[in-house]
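A short worksheet on the structure shown next.
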Amino acid sequence: MSAPDVQAPVPLRDASTVVLVRDSAEGIEVFLQRRVQQMAFAGGMTVFPGGGVDPRDREAQIAWTGPDVEYWAEQFSTDEASARALVCAAVRETFEECGVLLAGTADDMHPDPSSLFGARARLVAKELSFAQFLNDEGLTLRADLLTPLAHWITPKNESRRYDTRFFLAAMPDGQEADGETSEAAETRWQTAADALAGWDGGDHFLLPPTWTQLRHIAEYSTVADLQAAPRAITPIEPSISSSGLAGLTFADSSEYFTALGDGRMERLKNTNA
């Protein structure tokens, strides 16, 4: 009797996610987006800004301030070309999705990113490469404003798989994060503690990587303390015991799944049907 066919996992795609944070009287606030239901990946979920690496990010010849690509390659367990692409994607996606620009001069920020709305639209449409955008505007990528945070790999049973590096960034003074993206139905600033309480109460849906980062952030009282905290970045790929989200196992997964007994999984399936 022949063995059953085992479908090979979908190839991984490099991606970058940026956790924008700011201080408030109630604790550290995080910028969150609720993705539109029609999105092929994580539709209806509450997430941080981010997305896949553009192949052109790998070859970007740009002005760069901050830790070099060797540092990022070491932090995220990858080669230098991929590290460059991941950092470029982090800055590009943050600008595309919420208008926050982590670029300027070597020692200052762009005074008014909103004035670059036309270029932002061309980046989203992939009519303009990130390197060309920076070079045309005379901008320097500010890698010194990013902090490595985490590394998650989509489980092998998913039809879309990402090798995602998470970056932490303090919200630049004088800039505003907006919701001017077709990918988000809603955007908001919320403390990590409140976002977690909303998850527990069924107000929104968090995927395991988002939930885990919010729990980490909630342990700190200021952005400075959060940025300065030592952390070892090790890849996390949930193990699979059965199909679907409920079949995943990762650190503290039992606590994550405690909130799912309220029927929200079925509601999400019905909404996306």
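Heads up: the sequence shown is residues 1038 to 1310, going by the working numbering. Each residue gets a CB set at the ideal place from its N, CA and C atoms; glycine is no exception.
Judged by DSSP in its simplified three-state form, V1055 adopts strand. By DSSP's assignment, V1084 forms a beta bridge with Q1070. DSSP places E1096 in the helix class (H, G or I) of the three-state scheme. Of the other Cβ atoms in all chains shown, 16 or more fall within 10 Å of the Cβ of T1131; this residue is therefore buried.
Close CB contacts of Q1227 within its chain, under the 8 Å cut and outside five residues either way in sequence, are with E1066, V1067, L1069, G1235 (chain order).
Across the structure, T1083 and R1071 are spaced so that their CA atoms are roughly 4 Å apart. Cβ neighbours of M1146 within its own chain (closer than 6 Å, five residues either side excluded): P1209. A direct Cα-to-Cα measurement between V1128 and T1191 gives close to 22 Å. Under the three-state reduction of DSSP, R1198 is assigned to coil, being neither helix nor strand. Per DSSP, reduced to three states, the secondary structure at S1276 is strand. Membership of R1252 in the alpha helix (DSSP H) is indicated by the continuous run 1245–1254. Taking a cut-off of 8 Å on C-beta distances, the region 1158–1174 does not touch the region 1192–1201, as fewer than three cross pairs fall below it. Sequence-distant partners of G1064 (beyond 5 residues in either direction) whose C-beta falls short of 8 Å from its own C-beta, in its chain, are T1228, A1229, A1230, A1255, S1258.
Apart from the 5 residues on each side of it in sequence, T1177 sits with its Cβ closer than 8 Å to the Cβ of I1099, A1100, W1101, T1102, A1140, G1141, T1142, A1143, L1171 in its chain, given in chain order. Rounded to the nearest angstrom, the Cβ distance from V1106 to F1204 is 14 Å, too far for a contact under 8 Å. In the three-state reduction of the DSSP assignment, L1178 falls in the strand class. Look at the beta carbons and you see the region 1144–1164 not touching the region 1232–1246: under three pairs across the two are nearer than 8 Å. Taking C-alpha positions only, E1133 is separated from H1241 by approximately 24 Å.
One alpha carbon belongs to R1268, the other to H1188, and they sit about 12 Å apart.
Taking the Cα positions, D1262 is about 26 Å away from F1287. The beta carbon of E1117 lies closer than 7 Å to those of V1106, E1107, A1110 in the same chain, with the five residues before and after it left out. By the neighbour-count criterion, in which 16 or more other beta carbons inside 10 Å mark a residue as buried, G1136 falls on the buried side.
In the DSSP assignment, no residue is bridged to G1235. For L1160, the secondary structure class from DSSP, reduced to helix, strand or coil, is helix. Here A1126 is not near D1149, since their CB atoms are 8 Å or more apart.
If you ignore the 5 residues before and after F1085, its C-beta comes within less than 8 Å of the C-beta of T1054, V1055, V1056, L1057, V1067, F1068, L1069, Q1070, F1203, T1247, Q1250, all in its own chain and listed in chain order. Looking at A1180, L1049, T1201, A1158, the one whose alpha-carbon comes closest to that of A1207 is A1180. One Cα belongs to S1061, the other to R1225, and the distance between them is close to 14 Å.
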